[in-house]
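For the record, in the sequence shown the residue sitting at position 84 is 84 according to the working numbering, with numbers rising by one throughout. Worksheet: the structure to be examined is printed underneath.
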Amino acid sequence: MRTMSVLLSNLFFTNFKQRRRYLIILLLLFFAVSCNKPDDPEPYSIKYYSSFNLGTRPFALAVNPESGEVFTLCYKHAFYDSCCIEKYSAEGDLLGTIVDFETLSRGNYPGYFLSDLFIGDKGELYVIGQPEIEMAYDGISVLQFNTDGVFQKEIPFLGNGQGSYNRATAYRKGTVYFAGNRQIKTFPLNGKAGKTYLLPDRESDSSPFTLNVSGIAVNSLGEIFLTGQSFNDSVNVFNTLHHLTVYNPDREQIDSTRQLSGEGCVPGAMVSQPRVEIGDEDRLYLSTFYCEKLLIFDKSGKQLSEINLQEFGDKNFIPYDVAVGNKRVYIANATEKKVLIFKEE
Numbered sequence: 001m002r003t004m005s006v007l008l009s010n011l012f013f014t015n016f017k018q019r020r021r022y023l024i025i026l027l028l029l030f031f032a033v034s035c036n037k038p039d040d041p042e043p044y045s046i047k048y049y050s051s052f053n054l055g056t057r058p059f060a061l062a063v064n065p066e067s068g069e070v071f072t073l074c075y076k077h078a079f080y081d082s083c084c085i086e087k088y089s090a091e092g093d094l095l096g097t098i099v100d101f102e103t104l105s106r107g108n109y110p111g112y113f114l115s116d117l118f119i120g121d122k123g124e125l126y127v128i129g130q131p132e133i134e135m136a137y138d139g140i141s142v143l144q145f146n147t148d149g150v151f152q153k154e155i156p157f158l159g160n161g162q163g164s165y166n167r168a169t170a171y172r173k174g175t176v177y178f179a180g181n182r183q184i185k186t187f188p189l190n191g192k193a194g195k196t197y198l199l200p201d202r203e204s205d206s207s208p209f210t211l212n213v214s215g216i217a218v219n220s221l222g223e224i225f226l227t228g229q230s231f232n233d234s235v236n237v238f239n240t241l242h243h244l245t246v247y248n249p250d251r252e253q254i255d256s257t258r259q260l261s262g263e264g265c266v267p268g269a270m271v272s273q274p275r276v277e278i279g280d281e282d283r284l285y286l287s288t289f290y291c292e293k294l295l296i297f298d299k300s301g302k303q304l305s306e307i308n309l310q311e312f313g314d315k316n317f318i319p320y321d322v323a324v325g326n327k328r329v330y331i332a333n334a335t336e337k338k339v340l341i342f343k344e345e
C-alpha cells in the first residue's frame with residue numbers, strides 16, 4: 001500500500017518520461033494484484049446418491065469419517081429394550097450386528113433407554129444411555145466400543161438435572177453435551193469437570209426456547225445450536241412454532257433465534273422435532289420431521305439447499321436422524337427401515 005501511494009504521488013511531481021514509467025509500474029502492480037485475487041468459492045452442491053435398507057428400524061446414525069462406515073442404533077420392536085448396533089459400509093452393505101442388547105444393557109434391567117450414537121475423535125463408538133425411563137431417575141452412562149463392537153468401558157455421569165432424562169445429545173472433541181430441563185450440561189470424557197449452562201426461563205425471559213428440546217449440535221467455534229418448540233404463555237401450552245437457537249457458551253447467552261416455518265409443508269403441519277447436525281465448514285443440517293425435508297445452511301446462516309426427501313424415498317418417508325461424514329449426508333427414516341444417501345460436491 002505504501003509503494004502504491006508513493007507511485008501515485010510521483011505521477012504529479014515528475015517529468016513526462018518518469019511519469020510514463022511510474023504509470024507502467026502501476027499498471028503492472030494492478031494486474032499482479034488482480035491475478036492473485038482468490039477465486040470465488042465453488043457454489044455448494046448436493047445430489048441424491050442412493051439408498052439402502054436396514055435390518056431394523058433406525059433410532060440414531062453415526063458415520064466414521066476415516067472409513068466412511070455407517071453405524072445405526074436400532075430397535076427391532078417399538079420398545080427400547082431391543083436395541084442393537086448395526087454396521088454398514090459407506091455404500092450401505094450390511095457388515096453385521098456388532099453389538100446386541102445384552103451387551104448394550106450392561107446387566108441393567110429391561111427398559112434401558114439408549115438415546116444416541118457418536119463416533120469419537122480416535123474412531124471410538126459411543127452410545128448414550130440411561131438405565132430406565134423414569135422421571136425420578138437421573139443417571140446417564142456413556143458406553144464405549146471399538147468399531148468392531150468390542151466393549152471397552154462404561155463412563156457413568158450424574159444426570160442433566162431435576163430428575164429428568166436428557167432430550168438431546170451431541171459430541172464434540174471429547175465432550176458430550178446434554179440438553180434438557182432448560183439447561184445444557186457438558187461431560188468431558190477424560191474425567192475432567194463439566195459445565196452447566198442455564199437457558200432462559202420462559203417466566204422471566206422473552207426467549208421462545210423451552211425445555212422441549214429436539215436437537216443439539218456444536219460447531220468448531222464452540223457455539224451450541226439447539227432446536228426446540230415455542231411455549232405460548234398466554235394459554236400455557238406448546239404451539240406449532242419451532243426455533244433454531246444459537247447459544248454462546250463463552251458469554252453464557254443466546255446470540256440469535258430463528259423461527260423454522262412450515263412453509264412448503266402440508267397446510268397446518270408444523271416443523272416438528274427437527275434434528276440438527278454440523279458438518280464440514282460448520283455447515284448446519286436440519287431434518288424436519290413432518291415436512292419431509294432436509295435444510296442446509298452455511299456457517300453464516302445462509303440457506304444453501306432445501307431437499308424434499310419424498311422425491312427420493314417412499315411417500316411416507318419421515319426424516320429423523322441425520323449424520324454427515326466423508327462428503328456424504330445420511331438421512332434415516334423414522335418409520336421405515338431405510339436410509340437415504342446424498343453426496344456433497
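Built from N, CA and C at the ideal position, the CB exists for glycine as well.
Shown here, Asp255 sits in a strand according to DSSP, grouped into three states. In the DSSP assignment, Asn146 falls outside any beta strand (DSSP E) and carries neither an H nor an E. Uninterrupted beta strand (DSSP E) stretches at least 3 residues long and entirely within the segment 304-342 occur at 319-325 and 328-333, given in chain order. Tyr171 has Val176 as its beta-bridge partners, per DSSP. In the three-state DSSP reduction, Thr56 falls in the coil class, being neither helix nor strand. The straight-line gap separating the alpha-carbon atoms of Gln183 and Glu306 is approximately 30 Å. Around the CB of Leu95, fewer than 16 other CB atoms lie within 10 Å, so the residue is classed as exposed.
The straight-line gap separating the alpha-carbon atoms of Lys185 and Phe312 is approximately 37 Å. Setting aside the 5 residues that flank it on each side, Asn219 is surrounded in the same chain by Ile278 and Asp282, each with a C-beta closer than 6 Å to its C-beta; the list follows chain order. For Pro188, the enclosing beta strand (DSSP E) stretches over residues Gln183 to Pro188. Under the DSSP definition of a beta bridge, Arg275 partners with Ser287.
Leaving aside the five residues that flank Ser45 on each side, the residues in its chain whose CB is nearer than 6 Å to its CB run, in chain order, Glu345. When the five nearest sequence neighbours on each side are left out, the beta carbons in the same chain lying within less than 6 Å of the beta carbon of Ala217 are those of Ala170, Phe225, Val276, Glu277 and Ile278, in order along the chain.
Cβ contact annotation for Val99 (same chain, cutoff 7 Å, sequence separation greater than five): Cys84, Ile85, Phe145 and Gly149, in chain order. Straight-line measurement puts the Cα of Glu252 at about 11 Å from the Cα of Val246. The alpha-carbon separation between Asp116 and Phe151 amounts to approximately 16 Å. Here the alpha carbon of Lys302 sits roughly 33 Å from the alpha carbon of Leu189. Close CB contacts of Ile318 within its chain, under the 7 Å cut and outside five residues either way in sequence, are with Phe289, Glu292, Asn333, Ala334 and Thr335 (chain order). If you ignore the 5 residues before and after Lys299, its C-beta comes within less than 8 Å of the C-beta of Asn219, Glu281, Asp282, Arg283 and Leu284, all in its own chain and listed in chain order.
In the three-state reduction of the DSSP assignment, Leu61 falls in the strand class, which pools E and B.
Residue environment analysis places Ser256 among the exposed positions, since fewer than 16 neighbouring C-beta atoms fall within 10 angstroms of its C-beta. When only Cα atoms are considered, Leu73 and Val339 end up about 13 Å apart. The Cβ-Cβ distance between Ala179 and Val213 falls below 8 Å.
Proximity to Thr147 across Asp93, Leu125 and Glu154 peaks at Leu125, based on C-alpha coordinates. A direct Cα-Cα distance of roughly 25 Å separates Gly123 from Lys337.
Looking at the DSSP output, Glu154 bridges to Leu143.
When the alpha-carbon of Glu154 is set against those of His243, Gly191, Gln310 and Ala168, the nearest one is in Gly191.
Looking at the DSSP output, Gly96 bridges to Lys87. By the Cβ-count criterion, Asp321 is buried, with 16 or more other Cβ atoms from all chains shown falling within 10 Å of its own Cβ.
One alpha carbon belongs to Gly228, the other to Asn64, and they sit about 28 Å apart. Using a 10 angstroms sphere on the CB of Glu42, the tally of other CB atoms stays under 16, which defines it as exposed. Cβ contact annotation for Pro58 (same chain, cutoff 6 Å, sequence separation greater than five): Thr72, Cys74 and Ala332, in chain order. Annotated three-state conformation of Leu125 is strand, per DSSP. In the three-state DSSP reduction, Glu102 falls in the helix class (H, G or I). For Asn248 and Thr175, the gap between their C-alpha atoms comes out near 16 Å. In this structure, Ala90 sits near Gly68, with a CB-CB distance shorter than 8 Å.
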